[in-house]
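Q: Numbers given in our numbering equal positions in the sequence shown, counted from 1, plus 253.
All residues carry an ideal CB built from backbone N, CA and C; glycine is no exception.
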Amino acid sequence: MTVRCDIASLSLIQGEKYSTQLVRSFKDKRVDTVAKKDITMLSATSVIKSSVSEGLTVYEKPKSFTVDFDKDIIKANLMLNKVDGDKRTEVASTSTFDKKQATLSITDDLARDASYELSIDKLEAKDGSTLVGLHKTNFKISGGPKVTAVNVGKTGVALTQTVVITFDQPLSDTQNIAQFINAKGVGATVSKKDNQVFVSYVNAPKCTDFTINIAKGLQSRYEVVQNEPWSFGARTICHSVSTIGYSKGGRPITAYSFGNGGRTVLYTGAIHGSELSARRLMLAWVDELELNARSIPADKQIVVIPSLNPDGVAAVRRNNSNNVDLNRNFDTADWKKDITSPSNQPLESGGGATAMSEPETKAIAAFTSRLRPRLTLSFHSVAGYAIANQAGDSSSLAATYAQMTGYSNMTGSVGAFEYAVSGTYDDWISERLGLPSVLVELASSTNSEFYRNKAALWAMARS
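Below you can see the structure in the form of structure tokens.
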């Protein structure tokens, strides 16, 4: 006697284990178990490799696609569809099978800059197994070369520079790119390698606008054409950098200069090295000036020195490497050798062995004397004050700065600080040069408070 079982109707899962029993029944009652056996279903056929993967962008001009399986294949339905939203358009193709590999071949080139779906179903392996459901792979066919990155920003580009333009794919080895790529505003040479173009220039003028243009028609290595023009505009650096002197520890004191006008506004920070917010504000101001250099008045030169005390900044210490408070070391009528610290502790020789004894003091004094700035602003923290040295129009400028920032205008106030102050930079500017300055005390010791100060900084530049 032969016993048959309709396996297909059971919808058993490929690769799973099942227990089987052959039982004998009489009048719908089990009376005996004739046989018992555990069985394992054939494992499903799996895709192990494909010439396209999910989300891949294909840059060449493919004529076939291959899919490798873990078993020999007898038949399968391979289909390639062009996908446009919810619309799918079948691409004419033929399929062949060779052991564990299936190949879908096409005759016509695929549309560029388009999405496709490769699907496989109704597969039967030599051992009778199938795929688990429909297998789909979505991929894209690229358009022509597209720019993906440029190695410089829109502003602050070096005066001698190689601008590297990176594309999403290698460029043609035979096309003359000079016919498609040019630079205006700077004299430049153009070269390429693989997927990058190099636009090089030397000794460009400061603060010069330039544009790099790529015309449509640029080809990839696979002769796929770029159909849209591309342009990149930038500006060379608008400031010069100079070293006005060196600290006791040999660190440079750096000045950033913008504009060519005959009247100078000088901004300084961190004469006390522990007042890091002042340095951070000055560095942010340098970035702002570079970004908006066209807004600097034509009659002005703007000079920024973020750190008058680089040794103190490096050590996060108020005084310099000689333990001298640089803002007590200037040759003023009230200079003192022995001073009081902000905590009202005596500091022997804190004002220096003599007035102007420190290299930092000498450097900034010589630089300021040479510039003779229309206005000097010196930034400190953390009182939240604006104080004029009362020379020239400094009092009105301090009032303006205080009003625009919300700081207190302490010009002329007795006891603005709870400790003795002597030999300051701002008093020296008044006594020795007769020029206006405004001391600004930020309200934070760490935060630059740039946006609180931004409008006032510009107002002083235009004063």
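For the stretch 696-716 against the stretch 606-622, are there 3 or more C-beta pairs whose distance is under 8 Å?
A: These segments do not touch.
Q: Using 8 Å as the Cβ pair cut-off and three pairs as the minimum, do the stretch 518-533 and the stretch 626-639 touch?
A: Taking 8 Å as the limit for Cβ pairs, the verdict is that the stretch 626-639 does touch the stretch 518-533.
Q: Less than 8 Å between the CB atoms is what I'm expecting for Arg471 and Gly397, so what's the real figure, rounded?
A: Within the sequence shown, the letter at position 218 stands for residue 471. Within the sequence shown, the letter at position 144 stands for residue 397. Contrary to the premise, residue 471 reads as Leu rather than Arg in this sequence. With 8 Å as the limit, Leu471 and Gly397 qualify as a contact, their Cβ atoms being about 7 Å apart.
Q: Any idea what DSSP makes of Val566, helix, strand or coil?
A: Stepping through the sequence shown from its first residue, residue 566 is reached at position 313. In the structure shown, Val566 sits in a helix (DSSP, three-state: H, G or I).
Q: Taking C-beta to C-beta, are Phe236 and His492 nearer than 8 Å?
A: Because the chain is modelled from 254 through 716, residue 236 falls outside the range shown and cannot be assessed.
Q: Within 10 angstroms of the Cβ of Pro559, are there 16 or more other Cβ atoms? Answer buried if so, exposed if not.
A: Residue 559 sits at position 306 when you count from the first residue of the sequence shown. The residue in question, Pro559, is buried, as its Cβ has 16 or more Cβ neighbours within 10 Å.
Q: Taking 8 Å as the threshold, find out whether the stretch 674-691 comes into contact with the stretch 641-661 through three or more Cβ pairs.
A: Yes, since at least three Cβ pairs between the stretch 674-691 and the stretch 641-661 fall closer than 8 Å, the two stretches touch.
Q: So what does DSSP say about Lys270, is it helix, strand or coil?
A: Mapped onto the sequence shown, residue 270 falls at position 17. Looking at Lys270 - three-state DSSP - the assignment turns out to be strand.
Q: Can you give me the start and stop residues for the alpha helix (DSSP H) that Ala616 sits inside?
A: Residue numbering aside, residue 616 sits at position 363 when the sequence shown is read from its first letter. From DSSP, the alpha helix (DSSP H) with Ala616 extends over 612-624.
Q: Residues in the same chain with beta-carbon distance under 8 Å from Arg488, minus the five sequence neighbours each way, listed in chain order, please.
A: By 1-based counting over the sequence shown, the position of residue 488 is 235. Closer than 8 Å at Cβ, skipping near neighbours: Lys407, Thr408, Gly409, Val410, Cys460, Thr461, Asp462, Phe463, Ala546.
Q: Return the first residue and the last residue of the alpha helix (DSSP H) that Phe703 is part of.
A: Position 450 of the sequence shown holds residue 703. 703-714 is the extent of the alpha helix (DSSP H) around Phe703.
Q: According to the Cβ coordinates, are Lys328 and Ser358 closer than 8 Å?
A: One-based indexing of the sequence shown puts residue 328 at position 75. One-based indexing of the sequence shown puts residue 358 at position 105. Cβ distance not < 8 Å, so Lys328 and Ser358 don't count as in contact.
Q: Under three-state DSSP, which class holds Trp588?
A: The residue labelled residue 588 in the question sits at position 335 within the sequence shown. Note: Trp588 maps to coil in three-state DSSP.
Q: Below 8 Å on the Cβ atoms is my contact criterion, and I expect Lys324 with Lys353 to pass it. Report the Cβ-Cβ distance as a whole number of Å.
A: Position 71 of the sequence shown holds residue 324. Position 100 of the sequence shown holds residue 353. Going by Cβ atoms, the distance from Lys324 to Lys353 rounds to 6 Å, so yes, they are a contact pair.
Q: Suppose the cutoff is 7 Å on Cβ atoms and the five residues either side in sequence are ignored; what does the same chain contact list for Arg365 look like?
A: Stepping through the sequence shown from its first residue, residue 365 is reached at position 112. Taken in chain order, the residues that qualify are Ile394, Ser395, Gly396, Val477.
Q: Reducing DSSP to helix, strand and coil, say where Met663 ends up.
A: Counting from 1 along the sequence shown, the entry for residue 663 is found at position 410. Met663 falls in the coil class under three-state DSSP.
Q: Counting only runs that start and end within the stretch 394-425, where is the beta strand (DSSP E) found for 3 or more residues in a row?
A: Listed in chain order, they are 400-403, 414-420.
Q: How close, in whole Å, do the beta carbons of Leu387 and Ser372 come, if the pair is a contact with beta carbons under 8 Å?
A: By one-based count along the sequence shown, residue 387 stands at place 134. By one-based count along the sequence shown, residue 372 stands at place 119. About 6 Å separates the two Cβ atoms, so the contact holds.
Q: Are the CB atoms of Phe583 and Ala619 nearer to each other than 8 Å?
A: To locate residue 583, count along the sequence shown from 1; it is residue 330. To locate residue 619, count along the sequence shown from 1; it is residue 366. No, Cβ-Cβ distance for Phe583 and Ala619 is not below 8 Å.
Q: Pull the bridge partners of Trp483 from the DSSP assignment, please.
A: Within the sequence shown, residue 483 is the residue found at index 230, counting from 1. Answer by DSSP bridge pairing, in chain order: Ile467.
Q: Rounded to whole angstroms, what's the CA-CA distance from Ser574 to Tyr499? Just pull it up for me.
A: Taking the sequence shown and counting its residues from 1, the one referred to as residue 574 is at position 321. Taking the sequence shown and counting its residues from 1, the one referred to as residue 499 is at position 246. Whole-angstrom Cα-Cα distance: 12 Å.
Q: Hey, Phe210 and Val403: beta-carbon distance below 8 Å or not?
A: Because the chain in this structure spans residues 254 to 716, residue 210 falls outside the shown range and cannot be described.
Q: So within the stretch 329-394, which uninterrupted beta strand (DSSP E) runs reach at least 3 residues, ignoring any that extend past its ends?
A: Listed in chain order, the complete beta strand (DSSP E) runs (minimum 3 residues) inside the stretch 329-394 are 340-343, 347-351, 354-358, 367-378, 388-394.
Q: Taking buried to mean at least 16 other C-beta atoms within 10 Å of its own C-beta, is Arg341 buried or exposed?
A: For the purposes of this step, residue 341 is identified with residue 88 of the sequence shown, where counting begins at 1. Exposed, because fewer than 16 other Cβ atoms sit within 10 Å of the Cβ of Arg341.
Q: Considering only residues of the stretch 501-573, which uninterrupted beta strand (DSSP E) runs meet the minimum length of 3 residues and lie entirely inside it, listed in chain order?
A: With a minimum length of 3 residues, the continuous beta strand (DSSP E) runs that stay inside the stretch 501-573 are 505-511, 516-522, 553-558.
Q: Quick check: the Cα distance between Thr677 and Gly668, rounded to an integer number of angstroms?
A: Position 424 of the sequence shown, counted from the first residue, corresponds to residue 677. Position 415 of the sequence shown, counted from the first residue, corresponds to residue 668. The alpha-carbon atoms of Thr677 and Gly668 are separated by roughly 16 Å.
Q: State the Cα-Cα distance for the pair Ala436 and Thr415, rounded to the nearest angstrom.
A: One-based indexing of the sequence shown puts residue 436 at position 183. One-based indexing of the sequence shown puts residue 415 at position 162. Roughly 12 Å between the two C-alpha positions.
Q: Would you call the CB atoms of Ala709 and Met657 closer than 8 Å?
A: Taking the sequence shown and counting its residues from 1, one reaches residue 709 at position 456. Taking the sequence shown and counting its residues from 1, one reaches residue 657 at position 404. Closer than 8 Å, so yes.
Q: For Phe420 versus Val311, is the C-beta distance shorter than 8 Å?
A: Taking the sequence shown and counting its residues from 1, one reaches residue 420 at position 167. Taking the sequence shown and counting its residues from 1, one reaches residue 311 at position 58. Not in contact: Phe420 and Val311 (Cβ atoms no closer than 8 Å).
Q: Tell me which residue opens and which closes the beta strand (DSSP E) that Ser495 is part of.
A: By one-based count along the sequence shown, residue 495 stands at place 242. Note, Ser495: beta strand (DSSP E), 492-499.
Q: Below 8 Å on the Cβ atoms is my guess for Asp587 versus Ser675; work out the distance and round it to an integer in Å.
A: Here residue 587 corresponds to residue number 334 of the sequence shown, with the count starting at 1. Here residue 675 corresponds to residue number 422 of the sequence shown, with the count starting at 1. That pair is a contact at about 4 Å.
Q: Just grab the DSSP bridge partners of Val691 for me.
A: Sequence index remark: in the sequence shown, residue 691 carries index 438 (1-based). Beta-bridge pairing links Val691 to Leu630, Ala641.
Q: Run through the DSSP bridge pairs and tell me what Asp451 is partnered with.
A: Along the sequence shown, one-based indexing puts residue 451 at 198. Asp is not the amino acid found at residue 451; the sequence shown has Phe there. For Phe451, which the question treats as bridged, DSSP gives the partners Val417, Ser444.
Q: Taking 8 Å as the threshold (C-beta atoms), are Asn448 and Pro482 in contact?
A: Position 229 of the sequence shown, counting from 1, holds the residue named residue 482. Position 195 of the sequence shown, counting from 1, holds the residue named residue 448. Going by C-beta atoms, Pro482 is not nearer than 8 Å to Asn448.
Q: Pick out whichever of Phe279, Thr286, Asp591 has its Cα sitting closest to the Cα of Gly604.
A: Numbered from 1 along the sequence shown, position 351 holds the residue referred to as residue 604. Checked all of Phe279, Thr286, Asp591; the closest Cα to Gly604 is Asp591.
Q: From the DSSP output, in three-state form, read off Asn580 for me.
A: Indexing the sequence shown from 1 puts residue 580 at position 327. The answer is helix: DSSP assigns Asn580 an H, G or I state.
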